[in-house]
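In this text, residue positions in the sequence shown follow the UniProt record's numbering: the first is 1, and each later residue adds one.
From the three backbone atoms N, C-alpha and C, an ideal C-beta is built for every residue, glycine too.
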Amino acid sequence: MIIHPTNQKKWSPRHETFVQEINNLFDLANDETDNIVDDYNSTTAGVQQLLQEAIQKNLRLRVVGGEWSFTKITATDGIVLNTKPLNISLKITDGSVQSAYAKTADDLYFSQCGVSVQELTDRLRKRKRSLMTSGASNGQTIAGALSTGTHGSAYKIGAIPEFVVGLHIIVSPTRHVWLERKSYPVVSDSFLQKIGAEPVRDDDLFKAALVSFGSFGFIHGVMIETVPLFLYETYRRRMPIDAVLEESMKTLDFTHLSLPFTNEDPYHFQVVINPYDLGEGAYVTTMYKRDYTDDYPRPSISPPGVAPGDDAPSFIGGLTQVIPAVVPMVVNALTRQQYPVFEKVFGTHGEIFSSTSFHGKLLSAAVSIPSDKVSDVISLLLAHNDTTGPFTGIFAFRYVKGTDATLGFTKFPKTCVLELDGIFSDKTTSFCTTFWDKLEAAGIPFAFHWGKMLDLTKTRLRTMYSSASVDAWIKARNTLMKDKNSLKLFTNDVMKQWGLDTILPTT
Numbered sequence: 001m002i003i004h005p006t007n008q009k010k011w012s013p014r015h016e017t018f019v020q021e022i023n024n025l026f027d028l029a030n031d032e033t034d035n036i037v038d039d040y041n042s043t044t045a046g047v048q049q050l051l052q053e054a055i056q057k058n059l060r061l062r063v064v065g066g067e068w069s070f071t072k073i074t075a076t077d078g079i080v081l082n083t084k085p086l087n088i089s090l091k092i093t094d095g096s097v098q099s100a101y102a103k104t105a106d107d108l109y110f111s112q113c114g115v116s117v118q119e120l121t122d123r124l125r126k127r128k129r130s131l132m133t134s135g136a137s138n139g140q141t142i143a144g145a146l147s148t149g150t151h152g153s154a155y156k157i158g159a160i161p162e163f164v165v166g167l168h169i170i171v172s173p174t175r176h177v178w179l180e181r182k183s184y185p186v187v188s189d190s191f192l193q194k195i196g197a198e199p200v201r202d203d204d205l206f207k208a209a210l211v212s213f214g215s216f217g218f219i220h221g222v223m224i225e226t227v228p229l230f231l232y233e234t235y236r237r238r239m240p241i242d243a244v245l246e247e248s249m250k251t252l253d254f255t256h257l258s259l260p261f262t263n264e265d266p267y268h269f270q271v272v273i274n275p276y277d278l279g280e281g282a283y284v285t286t287m288y289k290r291d292y293t294d295d296y297p298r299p300s301i302s303p304p305g306v307a308p309g310d311d312a313p314s315f316i317g318g319l320t321q322v323i324p325a326v327v328p329m330v331v332n333a334l335t336r337q338q339y340p341v342f343e344k345v346f347g348t349h350g351e352i353f354s355s356t357s358f359h360g361k362l363l364s365a366a367v368s369i370p371s372d373k374v375s376d377v378i379s380l381l382l383a384h385n386d387t388t389g390p391f392t393g394i395f396a397f398r399y400v401k402g403t404d405a406t407l408g409f410t411k412f413p414k415t416c417v418l419e420l421d422g423i424f425s426d427k428t429t430s431f432c433t434t435f436w437d438k439l440e441a442a443g444i445p446f447a448f449h450w451g452k453m454l455d456l457t458k459t460r461l462r463t464m465y466s467s468a469s470v471d472a473w474i475k476a477r478n479t480l481m482k483d484k485n486s487l488k489l490f491t492n493d494v495m496k497q498w499g500l501d502t503i504l505p506t507t
């Protein structure tokens, strides 16, 4: 394994939302021999050595990948490990799969932690396979996107954790485990022997580890389930913000909504509302799944850098600090230019969701809500903008099937994710935090996206997920990691603030 100390003393995420003082940042890379498995295993050993050294120096440690998270969930005052160069991925062979596995080896793909979602999409396409879904922006690594519950708007599929079926986690300087569900076994003894991992098959531990934001150890490898390569047929139209649209947004019943196809539900459904252009209606994006063929017109990326599946952060940072009086005019101009309507655009998952960058310094906040509360939330949000705004950005509504990850924020059976995307400023931050307070006061249940701006306390966390779920997550972390020093190593300040750092007495 190649370990390069940068001697860097400060670190910031890509969105520049904070600056964190650190002890050091190490760039990690695999050896480059003719044996990929040996290179992978060498990295496992190298990471374990780094963990041991950090414990000996009484330093805490955190792992970063695409540096996509907006908050200090990924931050530490100790050692930061850059995993972006750890980008091995492999097709799984029949001999690596348990006979009890419900599908086939062709459905599986193994990715090292540093592979970006976009890289993963590109590699799968070469094998005529595809991800089921992903976020709109795909610069995150697979481990980071998983660990924060990154989602798209494939409302019958769910978020990224829903297609992950196995995790290789380095939990201490002396242990690394292969974690999967007992109820859904995947890998064979042969696979485990190749990577030298201790098998742990436990549904509760697996569900807790899925969304664990770097606190269950070093996620070295991720096993995902894929689907045959397919095409999207995509549309974006303006539609009146009326009772018909709101009913569809609440129920995901599109019977009365004027969509491109009246006898077929979309695979992907999302709505964007520009609060300064309500008279022209909402932007409604629908995508339909089609069998793959090589004979299709490739989607144009227009405006430059903005693809059909991109979300607001891909362009909203183009706004600058503007005086309140001109906010509506500036937001309208940018949205019309950068977020156009379109008809019948085809593309693979990687072509439709192709963003790996953003423009400008921006803020993105998101909360999940039950979809049946959407009308109440729209009314509350627009009223809040009238009294507390103007918000320098737009509002988006995306839909996800509920997750079974213990602290997965897409927790409602029919989850709507409300996204507030705007420029990064004190006023924008205050707009969001006061809106969360209004949701709470109105009795509307919600949960924060772990990778975006949030305002979380111990009490609010337990209200969102229940004390039983929080306690189950803490117990799972202790059970899996076992070692007290390793638990401390992978704890950071926000975990302490949220009450997730508890070390349980050993029995």
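Integer Cβ distance of residue i from residue j, believed to fall under 8 Å
i, j, result
"threonine 491", "arginine 60", "6 Å"
"arginine 344", "tyrosine 232", "Checking the sequence, you will find lysine at residue 344 rather than arginine. That pair is no contact at about 11 Å."
"threonine 170", "threonine 44", "Just to set this straight, residue 170 is isoleucine in the shown sequence, not threonine. Rounded, the Cβ-Cβ distance is 6 Å, consistent with contact."
"glutamine 346", "proline 297", "The identity of residue 346 in the sequence shown is phenylalanine, whereas the question assumes glutamine. Confirmed, Cβ separation roughly 6 Å."
"asparagine 23", "isoleucine 92", "No, asparagine 23 and isoleucine 92 are not in contact; Cβ-Cβ is about 38 Å, not under 8 Å."
"threonine 83", "glycine 65", "5 Å"
"glutamate 67", "proline 13", "5 Å"
"valine 222", "leucine 480", "With 8 Å as the limit, valine 222 and leucine 480 do not qualify as a contact, their Cβ atoms being about 16 Å apart."
"aspartate 421", "isoleucine 394", "6 Å"
"serine 130", "histidine 349", "5 Å"
Where residue i sits in the DSSP three-state scheme
i, result
"tryptophan 11", "strand"
"residue 520", "Here the chain has residues from 1 to 507 only, and residue 520 is not among them."
"alanine 159", "coil"
"tryptophan 498", "helix"
"threonine 76", "coil"
"glutamine 20", "strand"
"alanine 298", "Sequence inspection shows arginine at residue 298; the alanine mentioned does not correspond to that position. Correct three-state label for arginine 298: coil."
"proline 370", "strand"
"glutamate 280", "helix"
"glutamate 53", "helix"
"proline 5", "strand"
"tyrosine 40", "helix"
"proline 313", "Unreliable positioning characterises proline 313 in this predicted model, as indicated by a pLDDT of 49, which lies under 50. The coordinate reading is nonetheless provided below. In this structure, proline 313 counts as helix in the three-state DSSP scheme."
"asparagine 492", "coil"
"serine 69", "coil"
"aspartate 94", "helix"
"alanine 333", "helix"
"alanine 405", "coil"
"threonine 348", "coil"
"alanine 100", "coil"
"valine 63", "strand"
"glycine 341", "Rather than glycine, the amino acid found at residue 341 in this sequence is valine. Looking at valine 341 - three-state DSSP - the assignment turns out to be coil, as it is neither helix nor strand."
"valine 47", "helix"
"valine 327", "helix"
"threonine 286", "strand"
"proline 304", "Residue placement at proline 304 cannot be trusted, given a pLDDT of 48 that sits under 50; what the coordinates show is reported in the next sentence. Three-state result, proline 304: coil."
Own chain partners of residue i with C-beta closer than 7 Å, once the 5 adjacent residues on each side are dropped
i, result
"lysine 250", "Ser371, Asp372, Val374, Ser375"
"lysine 438", "Leu380, His384"
"leucine 456", "Phe448, Trp498"
6 Å Cβ shell around residue i - same chain, five flanking residues per side excluded
i, result
"lysine 452", "Phe70, Ser364, Ala365, Ala366"
"leucine 504", "Asn478"
"glycine 305", "In this predicted model, glycine 305 has a pLDDT of only 45, less than 50, meaning its place in the structure is not dependable enough to derive any value."
"isoleucine 224", "Tyr109, Phe163, Val164"
"glutamate 351", "Pro299"
"alanine 29", "Ile2, Pro85"
"residue 509", "Because the chain is modelled from 1 through 507, residue 509 falls outside the range shown and cannot be assessed."
"phenylalanine 431", "Thr388, Phe391"
"methionine 132", "Ile157, Phe163, Val227"
Own chain, CB closer than 8 Å to residue i, minus 5 neighbours either side, in chain order
i, result
"arginine 290", "Phe230, Leu231, Tyr232, Glu233, Phe346"
"glutamine 48", "Ile170, Ser172, Pro173, Thr174, His176"
Any 3 or more C-beta pairs closer than 8 Å across the stretch 236–252 and the stretch 268–284: yes
The stretch 439–452 touching the stretch 169–184, judged by at least three CB pairs closer than 8 Å: no
Runs of beta strand (DSSP E) wholly within the stretch 102–153 (minimum 3 residues, chain order): 108–112
Runs of beta strand (DSSP E) wholly within the stretch 189–275 (minimum 3 residues, chain order): 198–201, 218–225, 230–239, 268–273
Every unbroken alpha helix (DSSP H) inside the stretch 373–401 [4 residues or more]: 374–388
The stretch 186–193 / the stretch 244–258 touching (three or more Cβ pairs under 8 Å): no
4-residue-minimum alpha helix (DSSP H) runs that sit fully inside the stretch 427–486, ordered along the chain: 458–465, 467–481
Three or more C-beta pairs below 8 Å linking the stretch 110–125 and the stretch 134–152: yes
Touch test, the stretch 210–219 against the stretch 394–411, Cβ-Cβ under 8 Å, three pairs minimum: yes
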